Amino acid sequence: MVEAEIENDNTDNIRDKVFYENNVLSREFYERDTAIVAKELLGKILIVGELDNFCGGIIVEDEAYYGTNDPASHASNGITPRSRIMFENPGIAYVYFCYGNYYLLNAVTEKFGNPGAVLIRAIEPLFGIQNMMERRKNEKIIELTNGPGKLTMALNIRKEHNGKNLTSIKEGIFMLDTDKFYNDIKLSFSSLAYKLSSFKLINESQIAISPRIGIKKGRKSLLRFYLKNNKFVSRK
DNA sequence: ACCACGATGAACT
DNA sequence: GTTCATCGTGGTC
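Per the working numbering, residue 2 is the first one in the first sequence, and the count goes up by one each step.
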């Protein structure tokens, strides 16, 4: 059963559409209010790697972090060596080390000079599933990317990705505007052995909102967003 | 120079 | 449901 799933990872069929610059989310997408960006990133596709070797999946859970008025944010105390990146250009990656073991991926938001970032908490695997299984040392698809530290391990996101430009295919990490090639990718994955739970155009009624996870301050804000009934969401 | 703690995951019960 | 390994970061002294 696992073997069948690997064989049907039909990355080859859609390679050119994935690495098509016009399908990548632009800087303007990120240069907006962080909660709006977080909400709209649901259903979009995260890709890591090069044309001949890449992996990725559908974003199904994320969280918004602001600056001065958000005690849970790394930017709450202003610019430090770590938080500096959150004040820079929207559409770049903020990757930081957590709990002595894990790298966590964020997308920087808001206008230059205003801090903001969206933490990517879970994706639904689409491409490079075999590589993900090897990196995670786990053959269960459900366990590959259903958490912020898990997905960075599965996709091989490390501190070198910090500051990379997410709005171009050139730096090996980017986000795709699913709406632009929805029909292509839907067709390409119609024979996937495991059942895709998120591959549909996202509307408001499919999105759930909750407090953020794993923080002690700022718990009252409803800044976590996830797709209802998606089995790759880290926690209910 | 020091030190408390965390945007976690894995392995338990 | 529980505990805990692990170490970079940043605030404090």
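All residues carry an ideal CB built from backbone N, CA and C; glycine is no exception. In this text the structure is predicted, and so the values were computed from the model without any measurement.
| Check | Outcome |
| --- | --- |
| The region 54-71 touching the region 99-116, judged by at least three CB pairs closer than 8 Å | yes |
| Beta-bridge partners of P126, as assigned by DSSP | G58 |
| Extent of the continuous beta strand (DSSP E) run through G50 | I46 to E51 |
| Rounded separation between G129 and K218 - CA only | 37 Å |
| Cutoff 7 Å; reference K36; Cβ partners in own chain excluding five residues on either side | Note on residue identity: the sequence assigns Ala, not Lys, to residue 36. Taken in chain order, the residues that qualify are A65 and L224. |
| CA nearest to the CA of V49, picked from K201, R16 and N204 | R16 |
| Proximity of I121 and D180 at Cβ, strictly below 7 Å | no |
| Range of the contiguous beta strand (DSSP E) that encloses A1 | Coverage of the chain is limited to positions 2 through 237, which leaves residue 1 absent and any answer about it impossible. |
| Under the three-state DSSP convention, the category I214 falls into | coil |
| Inter-stretch contact (C-beta, 8 Å, three-pair minimum) for the region 96-106 and the region 23-32 | no |
| Euclidean distance between Cα positions of P126 and G79 | 35 Å |
| For L167, the residue or residues it bridges with in DSSP | Answer is none; L167 lacks a bridge partner. |
| Closest by C-alpha distance to I158, when choosing among L145, I174, R236 and N204 | I174 |
| Short Cβ contact (7 Å threshold) for G245 with L156 | Past the edges of the chain, shown from 2 to 237, lies residue 245, and the structure says nothing about it. |
| DSSP three-state assignment for F20, whether helix, strand or coil | coil |
| Rounded Cβ spacing between V109 and Y95 (contact assumed at less than 8 Å) | 5 Å |
| Spatial neighbours of I203 in its chain, beta-carbon cut-off 6 Å, leaving aside the 5 residues before and after | L43 and G44 |
| Exposed unless 16 or more other CB atoms sit within 10 angstroms - verdict on E8 | Because E8 sits at a pLDDT of 47, beneath the cut-off of 50, its placement in the model cannot be relied upon, and the point is left open. |
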